[in-house]
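Heads up: the sequence lines are chains A and B, in that order. 167 is the number that full-length UniProt numbering gives to position 167 of the first sequence; each next residue is one higher, with no gaps. 165 is the number that full-length UniProt numbering gives to position 165 of the second sequence; each next residue is one higher, with no gaps. Note that CB positions come from ideal geometry on N, CA and C, so glycine has one too. Take a look at the structure set out below.
Protein chains: 2
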Amino acid sequence: MVSKNQKKLIKSLYQKKYRKQHGLFVAEGKKVIQELLQAKLELHALFTTEDEIFEVNDQKKYLISHEELKQISFLTTPQVALAVFFIPEVRQIDLEGIVLVLDDVRDPGNLGTIIRLCDWFGVKELVCSSQTVDCYNPKVVQATMGSITRVNIVYQDIEAFLLQQKPTIPVYGTFMEGDNIYEASLPKKGVIVMGNEANGISTPIEEIVDKRITIPQFGLGQKTESLNVATATAIVLSEFKRKIS
Amino acid sequence: MVSKNQKKLIKSLYQKKYRKQHGLFVAEGKKVIQELLQAKLELHALFTTEDEIFEVNDQKKYLISHEELKQISFLTTPQVALAVFFIPEVRQIDLEGIVLVLDDVRDPGNLGTIIRLCDWFGVKELVCSSQTVDCYNPKVVQATMGSITRVNIVYQDIEAFLLQQKPTIPVYGTFMEGDNIYEASLPKKGVIVMGNEANGISTPIEEIVDKRITIPQFGLGQKTESLNVATATAIVLSEFKRKIS
């Protein structure tokens, strides 16, 4: 059974304000929950329609009906279970490899895809501007497919962060015009900035960037405005990693 | 004003069955509609809240209120205009460059992103299995941002298509295991198959593939299951185009 208070808590976790206040977030579905459990994230409560598929402390596990799951789920088609986890602490940013910086990425699906890409390409550090969508937004959590546990995601003033790194680490930014990424020499250690969906990299951040890179467009005389930020990130990380491997 | 019959027609175009029956599809928003008009797609009717922004035959243009737009729109926040266009005829597939083949891609957002990528990378031919989501699905049309007019999209039995090309053109497929795409030599002319979101490339198609390629995972000891099909396509097209440029 799901108590009235639990329902209220879960519903509140739709909103960033309450996630921050409670230090909790929601994950749904067998696969995602199992990945978070394996990553040793601290469980607050698990609500499931199938008792035997999760090995967790019984005091934290609630067997519920599919109807109840529907009432608390954020998904249109709820999947077996919903779990509430404690938001893990972030660690200090490790500057020894590639650090990806997001300048106001707003779409949860894009952020989820970018986290999954960081995980795939072994980029362990993701620094997000404070206007970037919250990574514990339920839609982001679902889109990451569990890889959220393997990337250190830090929200902070990216202008201050970049100014601090700039004297010692090259700062790359992707623009519509810049050096051809396929021909550029790319380092093992560096910061890469990706911009907002509609506006790209903001002016104050653009001024900090040392190296402007671009993904050349191959279509002749065409008008594709720009690549989606998630697909551009895929190509950029692929190029950085290919060149240092 | 939007007549009752027009409303009924527009609503029916949500469904593939009626799009096929009428040979019509819906596009929304100033930018997408203008791109389709510029590409000389034949307009059936345009419904707009701002008369002056579109230069089209007055007999096909209906000035409507924002309330009326809301009633016919497929979007949660309707944008200035909705247009009904005739579905253009496809041309014969040109086998002289890269042909991308989709084996049952089901998500409209993924297909939209892939069409945009084809446009960016100058891949003019996209062959979709009959189970692939319809490219005139309103969500796909929106996601393509107008690039749908610059890619020749053909739905057909891809097994038959691939068997027909195989004797003369190399057929590449992306798998979890295969030749490292960064080290593989890639041709100017070839067919690339991308698989379904959940199941990858299906068994009958896998048997036709000559060259298995893979995007290596850089994260050490990690478990990212696979890349999303749209981001994988971004990386694959980027590599093919980089190597022949």
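Below-8 Å beta-carbon distance, residue i vs any chain A residue
{"i": "B:Thr-214", "result": "no"}
{"i": "residue 259 of chain B", "result": "Because chain B is modelled from 1 through 245, residue 259 of chain B falls outside the range shown and cannot be assessed."}
{"i": "B:Arg-91", "result": "no"}
{"i": "B:Tyr-14", "result": "no"}
{"i": "B:Thr-231", "result": "yes"}
{"i": "B:Thr-49", "result": "no"}
{"i": "B:Gly-122", "result": "yes"}
{"i": "B:Phe-218", "result": "yes"}
{"i": "B:Thr-168", "result": "no"}
{"i": "B:Thr-132", "result": "no"}
Alpha-carbon to alpha-carbon, residue j and residue i
{"i": "A:Leu-43", "j": "A:Gln-34", "result": "11 Å"}
{"i": "A:Phe-161", "j": "A:Lys-188", "result": "19 Å"}
{"i": "A:Met-176", "j": "A:Thr-231", "result": "14 Å"}
{"i": "B:Lys-11", "j": "B:Ser-73", "result": "9 Å"}
{"i": "B:Ser-65", "j": "B:Ser-3", "result": "13 Å"}
{"i": "B:Pro-78", "j": "A:Ala-81", "result": "35 Å"}
{"i": "A:Trp-120", "j": "B:Leu-227", "result": "8 Å"}
{"i": "B:Gly-29", "j": "B:Thr-233", "result": "27 Å"}
{"i": "B:Lys-20", "j": "B:Ile-153", "result": "15 Å"}
{"i": "B:Thr-113", "j": "B:Val-140", "result": "8 Å"}
{"i": "B:Leu-36", "j": "B:Gly-146", "result": "6 Å"}
{"i": "B:Gln-15", "j": "B:Asp-134", "result": "10 Å"}
{"i": "A:Val-123", "j": "A:Gly-219", "result": "30 Å"}
{"i": "A:Ser-202", "j": "A:Tyr-155", "result": "17 Å"}
{"i": "A:Glu-125", "j": "A:Val-99", "result": "5 Å"}
{"i": "B:Leu-63", "j": "B:Leu-13", "result": "21 Å"}
{"i": "B:Arg-91", "j": "A:Phe-25", "result": "50 Å"}
{"i": "B:Ile-205", "j": "A:Tyr-182", "result": "32 Å"}
{"i": "A:Ile-93", "j": "A:Val-101", "result": "12 Å"}
{"i": "B:Leu-69", "j": "A:Lys-166", "result": "49 Å"}
{"i": "B:Pro-88", "j": "B:Val-32", "result": "16 Å"}
{"i": "B:Ile-53", "j": "B:Gln-71", "result": "21 Å"}
{"i": "B:Ala-143", "j": "A:Asn-57", "result": "44 Å"}
{"i": "residue 246 of chain A", "j": "B:Arg-106", "result": "There is simply no residue 246 of chain A to check, as chain A begins at 1 and stops at 245 in what is shown."}
{"i": "A:Val-127", "j": "B:Thr-214", "result": "29 Å"}
{"i": "A:Lys-40", "j": "A:Met-1", "result": "25 Å"}
{"i": "B:Val-229", "j": "B:Asn-110", "result": "7 Å"}
Residue i at chain B interface by Cβ criterion, 8 Å
{"i": "residue 251 of chain A", "result": "In the structure as shown, chain A starts at 1 and stops at 245, and residue 251 of chain A therefore has no counterpart that could be examined."}
{"i": "A:Tyr-18", "result": "no"}
{"i": "A:Phe-54", "result": "no"}
{"i": "A:Arg-106", "result": "no"}
{"i": "A:Gly-29", "result": "no"}
{"i": "A:Asp-119", "result": "yes"}
{"i": "A:Tyr-182", "result": "yes"}
{"i": "A:Thr-174", "result": "no"}
{"i": "A:Thr-203", "result": "no"}
DSSP state of residue i mapped onto helix, strand, coil
{"i": "A:Ile-205", "result": "helix"}
{"i": "B:Val-171", "result": "strand"}
{"i": "B:Lys-243", "result": "helix"}
{"i": "B:Phe-161", "result": "helix"}
{"i": "A:Cys-135", "result": "coil"}
{"i": "A:Gly-109", "result": "helix"}
{"i": "B:Val-191", "result": "strand"}
{"i": "B:Lys-211", "result": "strand"}
{"i": "B:Leu-227", "result": "coil"}
{"i": "A:Val-236", "result": "helix"}
{"i": "B:Val-2", "result": "coil"}
{"i": "A:Ile-98", "result": "strand"}
{"i": "A:Tyr-151", "result": "According to the sequence provided, residue 151 of chain A is Val. The question's Tyr does not apply to it. It is coil, neither helix nor strand."}
{"i": "A:Leu-117", "result": "helix"}
{"i": "B:Val-123", "result": "coil"}
Near the ligand NAP: residue i beta-carbon under 7 Å from a heavy atom
{"i": "A:Ala-81", "result": "The ligand NAP is not part of the structure shown, which contains no ligands of any sort."}
* When Cβ atoms are compared, which residues of the region 234-245 of chain A fall closer than 8 Å to chain B? -> Those would be Ala-234, Ile-235, Ser-238, Glu-239, Lys-241, Arg-242 and Ser-245, in chain order.
* chain A contacts from the region 60-89 of chain B (Cβ-Cβ distance under 8 Å) -> For the region 60-89 of chain B, the set of positions with a beta-carbon nearer than 8 Å to some beta-carbon of chain A is empty.
* Asked: Which runs of the beta strand (DSSP E) fall wholly inside the UniProt domain "MRM3-like substrate binding" (8-83) of chain B and span at least 3 residues, in chain order?
  -> Every beta strand (DSSP E) of 3 residues or more that sits fully in the UniProt domain "MRM3-like substrate binding" (8-83) of chain B is shown, in chain order, as 24-28, 43-48 and 61-63.
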